[in-house]
Structures are given as C-alpha cells and as structure tokens.
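Remarks on the structure that follows.
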Amino acid sequence: MLPRYIEVRGAKVHNLKNIDVDVPLHEIVAIAGISGSGKSSLALGALYAEGSRRYLESLSAYTRRRMTQAERADVDDVRYVPAALALRQRPGVPGIRSTFGTLSELLNSLRLMFSRLASHRCPNGHYCPPSLSVAAMQEMTCPFCGEKFYGPGAEELAFNSTGACPSCGGTGVVQTVNEAALVPDDSKTIDEGAVVVWGTLMWSLMKDIVRTMGVRTDIPFRDLTPEEKEIIYHGELKKHHIHYVNPNTLEPAEMDFNYYSAVNSVKNSLAKVKDEKGMKRLEKYLEEDVCPDCHGTRLSEAARAPRLRGIGLDEATAMTLSELIPWVQGVPASLPEEMRPMAENISESFMDVSKRLMDLGLGYLSLDRAASTLSTGERQRVQLARAVRNRTTGVLYVLDEPSIGLHPYNLKGLTGVMDDLRADGNSVVIVDHDTQVLKHADWMIEMGEGAGADGGMVISEGSVEDVSKNPGSVIGPYLSDQYESRIRPVMQAGGMFEKAVIHLETGAIHTVHPLDVRIPVGRLTVVTGVSGSGKTTMVLESLIPALKAKISGQKLPGHVKNIEAEGITEVKLIDAAPIGINVRSTVATYANVHDELRKVYAKTADAKERSCKAGDFSYNTGKLRCPICDGTGEISLDVQFLPDVKIPCPDCRGSRYSREAFDIRRRAKDGNEYSLPDLMNMSVDQVLHVLGGLKLLQQRLQVLHDLGLGYLTLGEETPGLSGGEAQRLKLASEMGKGQSDSVFVFDEPTIGLHPQDVKTLLHVFQTLIDHGATVVVIEHDLDVIKNADYIIDMGPGGGKEGGRIIAYGSPDEIRQSPESLTARFM
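Its first residue numbered 9, the sequence shown is counted upward by one per residue in my numbering.
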C-alpha cells in the first residue's frame, strides 16, 4: 500500500518543540499560525530541507561538490518525503541581464519565432519572405538580388549572446558622466574648488591649464561665459605649456602637461580603476543612461532586423503580455501554408506559459522589463508559473506566502495553479496568512499558540471546517468570519481634510495616466488596486520623490507637475527589505539596545575589577568577543564532497562572547544574576521582565513589545527576519516621538502577518496618527483596507488597463463604487 502521509517525527528546527506531525501527500496542505509560531520552521526547515537534501544525496559526490547543499534538518526522522522544491518569500534579486522575458522563459519562444518564422534581411538590405530554410539550416537566396545568406538562429537574437548591442553589451544602459555632479556648488570659483573632480582625483594642475586657455578662475563658476564652461567640461585633450608654483618647494616652475577636461578627467580615471573602492569613489560622478544605439532594447541592429507580422523582436518584447498574446495567436495565419504547423507548435509553447502568468495577474508586464525592478511577489509568481509548466509529478512544492502582492481579485489564479500542481500528482504545502488562500486547502496544520519560545507546537489540524470550529484555534474565527474587523475609530464625515492636505499632480509615467491626488494629513490613507494598477508608481516613484524634493528645495522629478505639502518636513519609507547583510547585525544592535546594555555592564563591579569598558562588550570589536569564531557565534567547516557545514562555535556555543564575559554579571529585578550573553539569548519580553531601573532600555524594549516583536531574541540575526518583522523593527526608532511633520509610507506591511498580527499593526498605525503623523499604506489586506480613514483605489485593471484613480473616499464610499474591483471584496 502506498504511503498517504509524510511522517515527521521529533522536529526541533528553530523553535519547534520536538513535534510529531503527519502531512498528507498529494493534497494542498496549509500551515497557519502567528508570526514566529514555527510555520516556516516546519515547512522550509524540516519538510523542504529534508526533501531537497535527500534528492541531492542521490547524485554523485562530484556533482554535489558543485552545488549549494542544505545541512541536515534538526529532526529525528522524516519518512516518505518526496523530492522538494521551495518557492521562497524572497526570491533572489536577478542581475542586470535578466528581464521578465528571460525569467519567465517566454523570450525563448519569441526568439525562436523570429528566427524560424520571420522575414529576414539579405546583406543588401532586401527582405525575403518567410521560408523553411532557416529551420532546415539551409542557405536562403534573396529573390531580389540573388544574394545567398543564412538566416539568424535563435542564439543570434539573444542579448545575452551574439545578438547583444555592441555599445552596451546587451544591458540596455550605458554609463555617462553626470555633469551636474562635477560642479555641485556653482557659487564657488575654480580656484576655490568649484570643479570637485579636479580636487578629489588629483587633477589640480588643470586649474593652471584652463587659466592659460583664457578661463577666469577667480570668479564664481555661475558667472563664467558658456564658452568658458565648454572649455572646462569638454575642452580638447592636448598638451599645454604651463607656469605654476611647486606646492612642496613654493618655487615657480614650468612644464608640459595634457589638459583633461572635467568630463575627460572622470573617463580617464574610470579607464584606470582597478577595484571596488576606486569604483565607489567615481560612482557619484556617473549616471546610467539609456543606450543611444539600441535605445534600451539590448539588441544589436542585426537582431532587430527580422520582421514578423510587421514588427521586430524589440517591438514585440516592448508589448505587455496582455497585448502580446493576441499578436502571437495571429502569427500562424500570417504565414504560408507549409509553415503553419511549425508556427502553431512554437505559438502553443508560448501560450502554455503565458496563460499561467495571466492567471497570476502578470499581464501588465512587458517582456523587456528589467527583472530587478519586479517586486518579490511578482518574481515569486513567475517562479510558480514555471513550476506548473514543467508538468512534474510526485514532487513536494513548498510555497512561502505565495499571496504576497496579490489583490483579492487575482487570488483565483493562484488557487488555480495550486489545483493544477495537485492534479498532476504533486503535494503542495503553503505557508500563508490570507484566509482566502487558507480556505482553499484540503488540510490545515496550525502552529502556535504564541511566538518564539511560546510557539513551536501544533495547536490544531484537520480540514478547514475542523480548524474553524476548534475552540483552541487562533486562526479559526478568521476562517469563519467570526471576528471584529474594525479596530480603529471611524472617521467622522466632513472631518477628513480638516488638518491639512497633501496635493500631488503628475504627468503620465509608465502605464499611469496623469494624476491629481489629495491625501489627508494626520490620517491613515490606504492605496489599493490590482497588481500593476499603478500603486507603486504613484506612491514610491511620484509621492515620495516629490515630497523629498520639496523638503530639500530640489527640483521636482520630471513627471511631477506640482506638490503642496505645507508643514511636512520628513518622509520615511518603511519597506520589507532585509535588514543588514551578515550575521553581525542583530535585533539588539539594530534597536539600539546593545549599546545601552554594554554601558550598563561596564559599570558593574565585575567589569571594573577586570578594567572592562563599554567597548570591550562589543562582539564585533571588543576584547570580550569569542576568540574562536571572532564574535559571529558560528564556524564554517569545509567538508570535501559535502556541503560546508555551519555549526555553533564549540567554544562560545553560539553566544558570540568569550568565557570571561559570562563571569561579568548584574543582579536583575527578579533577584537572579545575568551576564550580557545571557540577556542576548533571551526574548525581548523576557529581558523586559527582568530589567529594572533602566528607563531608556525599558522604553526601547517596550516599543518592540508594542510592535508585536516581543518574541524575538535580542541576539537574533536581522537578515533572517521575515519581511513583516523587518518592517516593524525599522519602525521601532520612530515610535513615541511627535510626528506632526512626518509622512510614513508602508509598502505592503502585512507581508508575513497573521490576521491577529494585523490587529497589532493597526494599533501601531493609530499610535503614529495619535502623535500627528500622516500614514500612507500600499496594501491588499482587506482588514487594513476596512480600517482606513481614506482609500485611493487604482485601476480598474493592471498595466495599460489601469493607471487611473477610479475611486477615492472613506471605506463606506468605496463600497458604493461600481467600477472598483476592491469594492467587491469589502
């Protein structure tokens, strides 16, 4: 009899408490629970880690040596686990050469179309009708001039290969010198260092040369004639005989020296740069521009030449997926009869992938869109579409918050993809908080009941109906809609704009039409709309840059016509980007708790006896850091033919401190004595409980508790925090201040948040508003939307079908809008 469950026994990954759980095979299994309850530890740390590791172990040692391998999960036994693939909450950020087309692999089909099916240009410039010659790798003969030539293969149309534009190397951008950065202060004279590049890049003799060329160096730069400025910026590179004063001997001297204009000085230094440090010094003088030869298409002139249905490959990739699909569908009918079977075959492979991407709400993206500009949710959905297209069977797919960035309207596409994976004989495990997604599961496992040390247990499991009826379930009331969704006080009609208003007017940009936006000051404004409707463009690319320019007195961004924001002097973006890049960044260091603790311990009798100062308690540089792991808490073992194994340091056992640090103790209010390493191993709430008489520390820890982060340990590494945890930790330093002059912008702050945690977040928003702040949130979560004072709904669709404000007002007013897709779900 075939096994029906993955049997997990004795799982102790992170905070899991030696749990046993059976996960049904060939079904959609949802793992729910509040932040920090152990969901990801079970799904990724146990199921995925063991499924992928065991598959890789079946490969040869030679192959394994060249692959990144996961270490063995901290679990007694996992039986019947299939080979596993994980689609993580934060897919890696793609490089400069990656686009939506390469990431989704749609560009492969498109290149094949233009290679095999297009009209190709002969060496004399004539276009030949489509033929089967290219597919048969035969010479083509031009019917106009008789010239014989070969049509380009798909590889010759690739910007990552021989089809790349020679000027930009297939990146679509070139680096040019930013002339404005060369003279940042035009009130200075050249003698005073107006041309900064001549001072910082050791070109000081250039001042003497321009003087011999007739440029006045003793008047403000702004008062120079256009001719003089032209000499400074772009003067000819040639040798000049100059008289100068030797700075060392102060004696007059003369010499012949080449003149390097300000622009040429940068180019010369750029050509000689050898390391990252040198490049960093030059970066401030450079800017990226669209390549003037390929106009950003990345393709060489030859790769842009083939024509299919009247357009080139560059024009096809510039279309959004929604526009491209009907164009591809019309390709076979535009060709001679004998070519149609091949055309239908290639078109079908394109349509298979694009259908999934459309279902997942990505129709607004163009194939030439740089992959690095895609959101984490968009990148994850591209991964998901690719997984379904592969038509695997018997694989375990672990999806980490696949609903990130999805409007409720787009969720049916996501659940459809999960259904298809299951129908193909795969097992699907999802970690998510969206109740619409959770309700779609065949089986649910709920972790809890608290976070951190209070979590790590299975508190309920069964069908969605079983869990929703379970009195011990935390998610249950949210599955059955038996909870109070309005947390904040309702804004009274007529009082919305009584404090002030931020008024933004923009021109068209990307797919967003000209906008006229009014945002009430001192209120919670939520910007909603389906994926690609223009929310990010309006808030992150228009509102924030315009406010920053207004505050600093700089020029407004090109597409922004006007902004009025009286009394606003600060704008702060709180996003979900990871905090820090290495293990040395911890919750305590980021929240400014560690510095205060070091000062406290430096004042103890034990520390004074050992002549230890506050700096000695730093695990990065202090003398009390562990000498074996150098304060990282772990060491890496290079094991031949096996993955590098990171293990807790055997000397400090992961504490980061030397044994001497454990001997320096301080009595806490609970009567016990603790060392600093002891406190770093405790949760925020535990430290808050034991600390007494330290007002500043208690205030900072209380803020973390109020933000719902009390379960994090002080020594927890910040790069490993979830997106939601990272956002709230960034907010910690802002709490408790008067904020009447501040605008806080949150980009999808409910990422990684359980509905219970969303309540905490709404209380945080209310605290900021009570202190006078203006809060603007880009969000899909219905509980946040329902708690808004003011909603701006973008749409109605994504891409060219969106880009307009289709409804605005209070939640009650939005509900009445017939055009709003958001209104349907409220």
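Glycine is no exception: its CB is placed at the ideal position from the N, C-alpha and C atoms.
Beta-bridge pairing by DSSP links A19 to I27, V83.
For S493, there is no enclosing beta strand (DSSP E), as DSSP gives it neither H nor E. Taking 9 Å as the cut-off, the beta carbon of E155 is found closer than this to the beta carbon of C130. For K247, the enclosing beta strand (DSSP E) starts and ends at 247-253. In the three-state reduction of the DSSP assignment, T514 falls in the strand class.
Closest in C-alpha terms to E454, from the list D474, E469, T149, comes E469. Taking R12 as reference, the option from W451, G731, G458 with the minimal CA-CA separation is W451. With the rule of 3 Cβ pairs closer than 8 Å, the region 607-617 counts as touching the region 667-677.
Here the C-alpha atom of S435 lies approximately 24 Å from the C-alpha atom of I759. The region 405-421 makes contact with the region 86-98: 3 or more CB pairs, one atom from each, lie closer than 8 Å. Spatial neighbours of G575 in its own chain (CB-CB distance under 7 Å, excluding positions within 5 residues in sequence) are listed in chain order as A508, D749.
Where E262 is concerned, the enclosing beta strand (DSSP E) starts and stops at 260-266. Taking every protein chain shown into account, the CB of Q694 has 16 or more other CB atoms within 10 angstroms, so this residue is buried.
Ranked by Cα distance from I559, the first of R62, G542, V579 is V579.
When secondary structure is reduced to three states using DSSP, N689 falls in the coil class, being assigned neither helix nor strand. Every alpha helix (DSSP H) of 4 residues or more that sits fully in the region 331-402 is shown, in chain order, as 348-367, 384-397. K677 is classed as exposed because its beta carbon has fewer than 16 other beta carbons within 10 Å across all chains shown. If you draw a straight line from the Cα of H788 to the Cα of I333, it is about 27 Å long.
Put simply, of Y158, R387, G807, Q562 the residue whose alpha carbon is nearest the alpha carbon of M145 is Y158. Looking at the DSSP output, R673 shares a beta bridge with S683. For K580, the enclosing beta strand (DSSP E) begins and ends at 578-582.
Secondary structure note for K569: its beta strand (DSSP E) is the uninterrupted segment 568-572. In this chain, the alpha helix (DSSP H) harbouring Q774 covers 763-778. Taking the C-beta atoms as reference points, G718 is found nearer than 9 Å to L696. Listed in chain order, the beta strand (DSSP E) elements of length 3 or more contained wholly in the region 786-830 are 798-803, 812-817. S663 and A573 have their C-alpha atoms some 48 Å from each other. According to the DSSP assignment, V185 belongs to the beta strand (DSSP E) that extends over 181-185. If you look at M214, you'll find it in the alpha helix (DSSP H) that goes 213-220.
For A92, the enclosing beta strand (DSSP E) covers residues 92-95.
For G456, the beta-bridge partners assigned by DSSP are M465. F167 carries a coil assignment under DSSP once its states are collapsed to helix, strand and coil.
For the 9 Å CB-CB criterion, I104 and M465 do not form a contact. Contact between the region 494-507 and the region 58-69 is not established, with fewer than three Cβ pairs separated by less than 8 Å. The region 534-541 makes no contact with the region 472-479; the number of CB pairs closer than 8 Å stays below 3. Burial check for C153: the Cβ neighbour count within 10 Å stays below 16, so the residue is exposed. Excluding five sequence positions before and after D297, the CB atoms of its chain that fall closer than 7 Å to its own CB belong to V181, V182, T184, given in chain order.
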